[in-house]
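Okay, structure first, notes after.
Numbering (this note's numbering), first residue to last: 6 to 173.
Here is the structure:
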């Protein structure tokens with residue numbers, strides 16, 4: 006049986022806001038000025054750590070929906086200087102629960118990303134974020150699928166916390 010993470014986790018959120026998605030006039034476009042610089046230490050829950058440094062910004066928002074992009078540099082711990090440098094880029098769709106004025110905003114997310122060099126990956130899971138002035142904090146717990154699927158793929162979980170500095 007194949008598990009489809011986008012369909013499984015976002016089906017409930019999508020069904021409640023299909024009318025909002027269809028109305029193009031409700032979508033708000035954003036520029037890089039609405040973005041942030043971030044650092045994100047994360048683990049695969051099996052003792053391996055990475056840290057990502059980069060820039061992220063929203064592309065579109067519509068009510069509870071946020072579509073954002075990021076580009077960053079990955080560092081593996083413990084440091085291994087002979088490993089190739091890893092750059093990453095991704096696009097994330099988030100459905101946030103609650104009111105935009107809430108201090109903590111939980112949500113569901115799915116992210117398509119590519120590490121260079123590497124495979125395409127889809128990360129899907131739970132997230133929560135908060136913002137204090139120009140500073141932000143986001144936590145996530147997600148499951149990673151690699152594409153194309155291969156026989157030696159093992160389940161990959163990821164838990165992380167992002168520390169952000171917003172441009173405005």
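Cβ coordinates follow ideal geometry from the N, Cα and C atoms, glycine included.
Task: Exposure of residue 105, with buried meaning 16 or more beta-carbon neighbours within 10 Å - done: exposed
Open item on the list: Helix, strand or coil, according to DSSP, for residue 54 in the structure here?
Closed with: strand
Open item on the list: Using CA atoms only, rank isn't needed, just tell me which of 173, 44 and 61 is closest to residue 116.
Closed with: 61
- [ ] Note down, one range per segment and in chain order, each beta strand (DSSP E) of at least 3 residues found wholly within the region 40-98.
- [x] 41-48, 54-67 and 70-82
Open item on the list: Taking the beta carbon of residue 153 as the centre, do at least 16 other beta carbons fall within 10 Å, making it buried, or is it exposed?
Closed with: exposed
- [ ] Would you mind working out which of 148, 141, 147 and 150 sits nearest residue 168, comparing C-alpha positions?
- [x] 141
Task: CB contact flag (residue 119, residue 93, <8 Å) - done: yes
- [ ] Report the rounded CA-to-CA distance for residue 148 versus residue 108, giving the unit in angstroms.
- [x] 26 Å
Task: Three-state secondary structure (DSSP) of residue 38 - done: helix
Open item on the list: Between the alpha carbons of residue 3 and residue 83, how many angstroms are there, rounded?
Closed with: Because the chain here runs from 6 to 173, residue 3 falls outside it and cannot be looked at.
Open item on the list: In this structure, how does DSSP classify residue 121 when only helix, strand and coil are distinguished?
Closed with: strand
Open item on the list: Given this structure, state the Cα-to-Cα distance separating residue 103 from residue 54, to the nearest angstrom.
Closed with: 32 Å
Open item on the list: For residue 170 and residue 42, which I take to be in contact (beta-carbon distance under 8 Å), what is that distance rounded to the nearest angstrom?
Closed with: 5 Å
Task: First and last residue of the uninterrupted beta strand (DSSP E) at residue 104 - done: Run containing residue 104: none; DSSP gives neither H nor E here.
Open item on the list: Which residue wins for smallest C-alpha separation from residue 129, given the options 137, 155, 99 and 121?
Closed with: 99
Open item on the list: Could you give the first and the last residue of the continuous beta strand (DSSP E) run that contains residue 162?
Closed with: 161-171
Open item on the list: For residue 40 and residue 172, which I take to be in contact (beta-carbon distance under 8 Å), what is that distance rounded to the nearest angstrom?
Closed with: 6 Å
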